[in-house]
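Q:
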Amino acid sequence: MPYPYNQQGQQQPYPGQPFMQPPQQRQPAPQPQYGNQPPWQQQVPAYSQSAPRAAFTSSPPRVEVQLSETRVYAQQTLLLTLRLISGNNLASVNAKLPPSGTMVFTKLEGPTTHSRGLNGQREIVNQFLYAVTPLKAGKLRVPAIEIEGVIGDGSSTEFNLQSRTDMVVDVQPVNPAVQPWLPLHGLSVQSFIQGADKPEAGKPLSLVIDISAVGATGGQLPSFAEYLQQSGAFNLYREKSETEGSVSSDGRFLLGRRTEAFTLVPQQGGKLLIPELKVAWWNVDTDQAEVETVPLRQLIIKGESVASAGEIPDMFPGASSLVLWIPLIGLFSLTIGFWILSWLRKKRFAQVVEEEIVAVTGFGMRQFKAFLVWLAPIRRLQKVRQIFVRSLPRPFRLWFCVKVVEGEEDPEVWGYMLKFLSNKHLQIPPQLPLKDLGERLSGVHSRADRMQMQELMGELERRLYAGGQLNFPNWKQRFRAQLRPALFPFFQQQKRKANTNRRLPKLNPEF
Numbered sequence: 003m004p005y006p007y008n009q010q011g012q013q014q015p016y017p018g019q020p021f022m023q024p025p026q027q028r029q030p031a032p033q034p035q036y037g038n039q040p041p042w043q044q045q046v047p048a049y050s051q052s053a054p055r056a057a058f059t060s061s062p063p064r065v066e067v068q069l070s071e072t073r074v075y076a077q078q079t080l081l082l083t084l085r086l087i088s089g090n091n092l093a094s095v096n097a098k099l100p101p102s103g104t105m106v107f108t109k110l111e112g113p114t115t116h117s118r119g120l121n122g123q124r125e126i127v128n129q130f131l132y133a134v135t136p137l138k139a140g141k142l143r144v145p146a147i148e149i150e151g152v153i154g155d156g157s158s159t160e161f162n163l164q165s166r167t168d169m170v171v172d173v174q175p176v177n178p179a180v181q182p183w184l185p186l187h188g189l190s191v192q193s194f195i196q197g198a199d200k201p202e203a204g205k206p207l208s209l210v211i212d213i214s215a216v217g218a219t220g221g222q223l224p225s226f227a228e229y230l231q232q233s234g235a236f237n238l239y240r241e242k243s244e245t246e247g248s249v250s251s252d253g254r255f256l257l258g259r260r261t262e263a264f265t266l267v268p269q270q271g272g273k274l275l276i277p278e279l280k281v282a283w284w285n286v287d288t289d290q291a292e293v294e295t296v297p298l299r300q301l302i303i304k305g306e307s308v309a310s311a312g313e314i315p316d317m318f319p320g321a322s323s324l325v326l327w328i329p330l331i332g333l334f335s336l337t338i339g340f341w342i343l344s345w346l347r348k349k350r351f352a353q354v355v356e357e358e359i360v361a362v363t364g365f366g367m368r369q370f371k372a373f374l375v376w377l378a379p380i381r382r383l384q385k386v387r388q389i390f391v392r393s394l395p396r397p398f399r400l401w402f403c404v405k406v407v408e409g410e411e412d413p414e415v416w417g418y419m420l421k422f423l424s425n426k427h428l429q430i431p432p433q434l435p436l437k438d439l440g441e442r443l444s445g446v447h448s449r450a451d452r453m454q455m456q457e458l459m460g461e462l463e464r465r466l467y468a469g470g471q472l473n474f475p476n477w478k479q480r481f482r483a484q485l486r487p488a489l490f491p492f493f494q495q496q497k498r499k500a501n502t503n504r505r506l507p508k509l510n511p512e513f
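398 is the number that this note's numbering gives to position 396 of the sequence shown; each next residue is one higher, with no gaps.
1. Give the secondary structure of Gln13 by DSSP, where H, G and I count as helix, E and B as strand, and everything else as coil.
2. Please name the residue or residues paired with Val268 in a DSSP beta bridge.
3. Provide the residue span of the beta strand (DSSP E) that contains Glu160, from first to last.
4. Within 10 angstroms of the Cβ of His187, are there 16 or more other Cβ atoms? Answer buried if so, exposed if not.
5. Is Gly272 near Thr219, with beta carbons less than 7 Å apart?
6. In angstroms with no decimal places, state the Cα-to-Cα distance between Ala198 and Val446.
7. I'd like to know whether the C-beta atoms of Tyr467 and Pro206 end up nearer to each other than 7 Å.
8. Kindly indicate the opening and closing residues of the alpha helix (DSSP H) around Pro413.
9. Nearest by alpha-carbon distance to Gly417: which of Trp284, Ala146 and Trp477 is it?
10. Rounded to whole angstroms, what is the Cα-Cα separation between Pro395 and Leu423?
11. Quick check on the DSSP output: what are the complete beta strand (DSSP E) runs of length 3 or more inside the region 164 to 224, in order along the chain?
12. Cα-Cα, which of Lys426, Thr245, Phe130 and Val404 is closest to Arg480?
13. Ser61 by DSSP, collapsed to three states: which one?
14. Could you spell out where the beta strand (DSSP E) holding Arg299 opens and where it closes?
15. Against chain C, does Arg368 count as a neighbour if the rule is that its beta carbon must be under 7 Å from one of theirs?
16. Following the continuous alpha helix (DSSP H) through Pro397, name the residue where it begins and the one where it ends.
17. Where Phe107 and Ala203 are concerned, what is the direct C-alpha to C-alpha distance, given to the nearest angstrom?
18. I need the DSSP call for Ile126, collapsed to helix, strand or coil.
19. Return yes when the Cβ of Gly221 is within less than 7 Å of the Cβ of Thr245, no when it is not.
20. Measure the beta-carbon distance from Leu82 to Tyr132 and round it to whole angstroms, keeping in mind my assumption that it falls under 8 Å.
21. What are the start and end residues of the alpha helix (DSSP H) that includes Ser444?
22. Between which two residues does the alpha helix (DSSP H) carrying Arg486 extend?
23. Excluding the 5 residues flanking Ser117 on each side, which residues of the same chain have their C-beta closer than 6 Å to its C-beta?
24. Among Leu92, Arg166, Asp212 and Pro100, which has the Cα closest to the Cα of Leu114?
25. By Cβ distance below 7 Å, which residues in the same chain neighbour Ser444 in space, the five residues on each side in sequence not counted?
26. Going by other Cβ atoms of all chains shown within 10 Å of its Cβ, with 16 needed for buried, is Arg55 buried or exposed?
27. Nearest by alpha-carbon distance to Leu86: which of Leu80, Arg143, Gln429 and Gly151 is it?
28. Kindly indicate the opening and closing residues of the beta strand (DSSP E) around Leu84.
29. Could you spell out the range, first to last residue, of the alpha helix (DSSP H) harbouring Leu458?
30. By the DSSP assignment, the beta strand (DSSP E) with Ala76 in it spans what residues?
31. Tell me the DSSP secondary structure of Glu241 in three-state form.
32. State the beta-bridge partners of Leu92 as determined by DSSP.
33. Using the three-state DSSP reduction, which class does Thr363 fall into: helix, strand or coil?
34. With three or more C-beta pairs closer than 8 Å as the rule, is the region 247 to 262 touching the region 222 to 232?
35. Which two residues bound the contiguous beta strand (DSSP E) that contains Leu230?
36. For Pro113, report the span of its beta strand (DSSP E) as first-last.
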């Protein structure tokens, strides 16, 4: 196939490229400003340094190499396209990446095969696509890529070629003021929350963060998992992290995407602040540092807020509540008085008396019915039962709560009922996380093992919020074993002390 040179030996310019002289006649030219250079390096086919082992019946295979950019920054990823062109189909082809301490080669695609026509002849093109990342600054030479293959014309002729070795990449140094260093052509960050219509304390929310970049793969983009875990207002569980990498339709840029999904569990009611998301990066087109941000988000969480030992803060610290209620009651009474006087002026006296008698009679009947309900025996028995439960020691009241929730088979319903009963009978705040609740319960029952309680509550928390597996009947049995009260704790303590004394040897044995 003829090379793309004119009659005078000069290379024909490609569409959209400036005219360039052949390598032997090319004059040195100053480097163009970054961002304005031609996007593709000119194609110059190069033959291998080693001749094929046998003569070919048609045009021998040749190699073409293109770089997406020739002036980049250190650790910036560029694309290298390698094409193996032959007149016949190939039975096999294999490209060996060169060992290089200054550049990292990553295979993206290939070989992909297609045919093209040139000057009435059909050519077979096997294309490879690589991501090249320079590791240090300077003028770096791209090492040769070795290609081995077998011609598929029935003769099984083997060949060995190498790509050109005169390609040089001008690598600019890293800017130490930008940390972390992320050289890209473009970057965007988006996030959205699912399940935030009626947020409640202890109810999971889904946070999805999507990062898209031009000039890197999804695996090179940062993750927000460690940054979000620094917030103590919610528990964070990562559901999934997906990365994607592809090449733009024109083959000039590497496109990457990272999608992360998290489960947020608010720990208390009130305002929940989801921190601002920031990604610092270096714009290689403008040679400037930029920051992509997602603004701070605020959610109002339904539930009790933790404020100074579980108490609701006073609206007027240091002042009596009468300062607020007396003016309100006076204003309300004055309004009602004016309304009654206005109403009486428009009615006759007898009609007013009749309406008042009916109203007083109805009120008296309702009060009498309420009194009869108050005298009902079942109500008295329930009151006695409540007094009896409140008079029990705290370990027995805790055991009463455990027995009440024993029949629940759903771990989530079981947890809500235990929090409710613990707050009612043991004055434990209901908005505590499960691990803190286990710590409080082990403090109520002195015989409970705190480490075992922490482990049990951790298993339940992973089951509720992280989708873990849990044998709930077996878990409840172990939970009851930790909180089961003793009928005669004094005698059991004496027995434990006696067993301890028998196990310990004498301090000063007599010989």
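Built from N, CA and C at the ideal position, the CB exists for glycine as well.
A: Per the coordinate set shown:
1. Low local confidence applies: a pLDDT of 37 at Gln13 is under 50, so the model's placement there is unreliable, with the coordinate-based value given in what follows. Strand at Gln13.
2. Residue 268 is actually Pro in this sequence, not Val. For Pro268, which the question treats as bridged, DSSP gives the partners Phe236.
3. Glu160 to Gln164
4. buried
5. no
6. 36 Å
7. yes
8. Pro413 to Leu428
9. Trp477
10. 15 Å
11. 170 to 174, 188 to 196 and 207 to 216
12. Val404
13. coil
14. Arg299 to Ile303
15. The structure shown contains no chain C, having only a single protein chain.
16. Arg396 to Val406
17. 49 Å
18. strand
19. yes
20. 4 Å
21. Leu436 to Val446
22. Unbroken run through Arg486: none, as it is neither H nor E.
23. Arg124 and Ile126
24. The question names Leu, but residue 114 in the sequence shown is Thr. When each option's Cα is compared against that of Thr114, the closest is Leu92.
25. Ala450, Arg452 and Met455
26. Residue confidence is low: Arg55 scores 40 on pLDDT, short of 50, so the model does not pin down where it sits. Its coordinate-derived value is still stated next. Looking at its Cβ environment, which holds fewer than 16 other Cβ atoms inside 10 Å, Arg55 is exposed.
27. Gly151
28. Leu80 to Ser88
29. Arg452 to Tyr467
30. Careful: Ala76 lies outside any beta strand (DSSP E) and carries neither H nor E.
31. strand
32. Ile153
33. helix
34. yes
35. Note, Leu230: premise wrong, no beta strand (DSSP E); alpha helix (DSSP H) at Ala227 to Gln231.
36. Met105 to Leu120
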